[in-house]
Amino acid sequence: MSVEIRILTGDALSEALEDLARLRIEVFRAWPYLYEGSMDYEKGYIERYEKTSGAVIVGAFSDGRLVGAATGEPLEAEVIQFRGPFEDKGLNPATIFYMAESVLLPDFRGQGIGHRFFDEREAHARKLGFTEAAFCAVIRPDNHPLKPDDYQPLDPFWKKRGYDKLNGVRVHFPWKDVGEADETEKPMQVWMREL
586 MSVEIRILTG
596 DALSEALEDL
606 ARLRIEVFRA
616 WPYLYEGSMD
626 YEKGYIERYE
636 KTSGAVIVGA
646 FSDGRLVGAA
656 TGEPLEAEVI
666 QFRGPFEDKG
676 LNPATIFYMA
686 ESVLLPDFRG
696 QGIGHRFFDE
706 REAHARKLGF
716 TEAAFCAVIR
726 PDNHPLKPDD
736 YQPLDPFWKK
746 RGYDKLNGVR
756 VHFPWKDVGE
766 ADETEKPMQV
776 WMREL
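Residues in the sequence shown are numbered from 586 upward in steps of one, following this note's numbering.
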């Protein structure tokens with residue numbers, strides 16, 4: 586299956602938001618996020634990208650359908666739950682580009698698309714003058730009952746890309762897990778690199 590990578594900003598970004606919302610719900614339902622999403626929540630959560638100068642979606646399209654996407658925006662524009670831990674650590678959000686979600690349908694994995702997602706967002710951030718890039722990854726206990734036996738963490742991939750865990754910096758963000766009635770806060774490890 587051939588995949589076309591497109592850099593979406595402005596109107597093209599706005600037009601992709603509904604497809605991005607559906608993709609987030611589908612991909613994040615799996616381990617380790619276990620996210621029980623809804624279109625109403627998603628639309629409200631991701632609409633900030635169309636209002637943020639410097640925001641980007643790197644879209645992966647197959648036969649005109651969005652099958653993967655990676656987003657990013659200046660950290661200064663992020664919600665306080667994501668921005669606050671950086672500020673608490675004494676880091677300047679004005680220099681950091683936040684690499685938000687990266688979602689790809691399983692049938693399209695293993696083709697280098699994940700690398701393209703990082704390449705394109707990092708290039709976009711450099712063009713805007715950012716000197717660092719960061720993202721968060723959910724932390725789940727190793728003995729979690731829903732953890733698949735064949736799960737392979739992405740830590741080696743991220744390290745190969747030049748990212749390291751930022752010691753002592755974690756984000757806490759709430760969402761409803763699959764099968765749960767209420768949202769609970771999840772810890773997320775911050776990873777960062779210089780651009």
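For each residue, glycine too, the CB sits at the ideal point set by N, CA and C.
Go ahead and pull the three-state DSSP assignment for residue i.
{"i": "ARG591", "result": "strand"}
{"i": "THR680", "result": "helix"}
{"i": "TYR620", "result": "strand"}
{"i": "SER801", "result": "Here the chain comprises residues numbered 586 to 780, so residue 801 is not present and cannot be evaluated."}
{"i": "ARG609", "result": "helix"}
{"i": "ASP727", "result": "coil"}
{"i": "PHE646", "result": "strand"}
Out of the options, which has the shortest C-alpha to C-alpha gap to residue i?
{"i": "PRO759", "options": "GLN666, GLN774, PRO733 and PRO691", "result": "GLN666"}
{"i": "ASP604", "options": "ASP762, ALA655 and PHE702", "result": "ALA655"}
{"i": "SER687", "options": "PRO678, ARG701 and ILE724", "result": "ARG701"}
{"i": "THR769", "options": "PRO738, ARG725, LEU780 and LYS732", "result": "ARG725"}
Starting from the C-beta of residue i, find all residues in its chain whose C-beta is less than 6 Å away, skip the five residues before and the five after it, and write them out in chain order.
{"i": "VAL641", "result": "THR594, GLY657 and HIS709"}
{"i": "ARG746", "result": "PHE703"}
{"i": "THR716", "result": "THR680 and LEU780"}
Can you name, in chain order, every residue of its own chain whose Cβ lies under 8 Å from the Cβ of residue i, other than the five neighbours on each side?
{"i": "TRP776", "result": "ALA719, PHE720, CYS721, ALA722, TRP743, TYR748, ASP749, LYS750 and LEU751"}
Measuring only the C-alpha atoms, how far is residue i from residue j?
{"i": "VAL754", "j": "VAL664", "result": "16 Å"}
{"i": "PHE682", "j": "LEU619", "result": "26 Å"}
{"i": "ALA615", "j": "ASP734", "result": "13 Å"}
{"i": "ILE592", "j": "LEU676", "result": "28 Å"}
{"i": "THR637", "j": "PRO741", "result": "31 Å"}
With the cut-off set at 8 Å, would you say residue i and residue j are in Cβ contact?
{"i": "VAL652", "j": "PHE693", "result": "yes"}
{"i": "GLU635", "j": "LEU598", "result": "yes"}
{"i": "LEU689", "j": "VAL763", "result": "no"}
{"i": "ILE631", "j": "LEU660", "result": "no"}
{"i": "GLY639", "j": "LEU713", "result": "yes"}
{"i": "ARG668", "j": "MET684", "result": "no"}
CB-CB under 7 Å to residue i, same chain, minus the five flanking residues each way: which ones, in chain order?
{"i": "GLU627", "result": "ALA606, ARG609 and ILE610"}
{"i": "ILE698", "result": "VAL588, ALA645, GLY653 and LEU689"}
{"i": "TYR585", "result": "This structure gives no information on residue 585, because the portion of the chain shown stretches from 586 to 780."}
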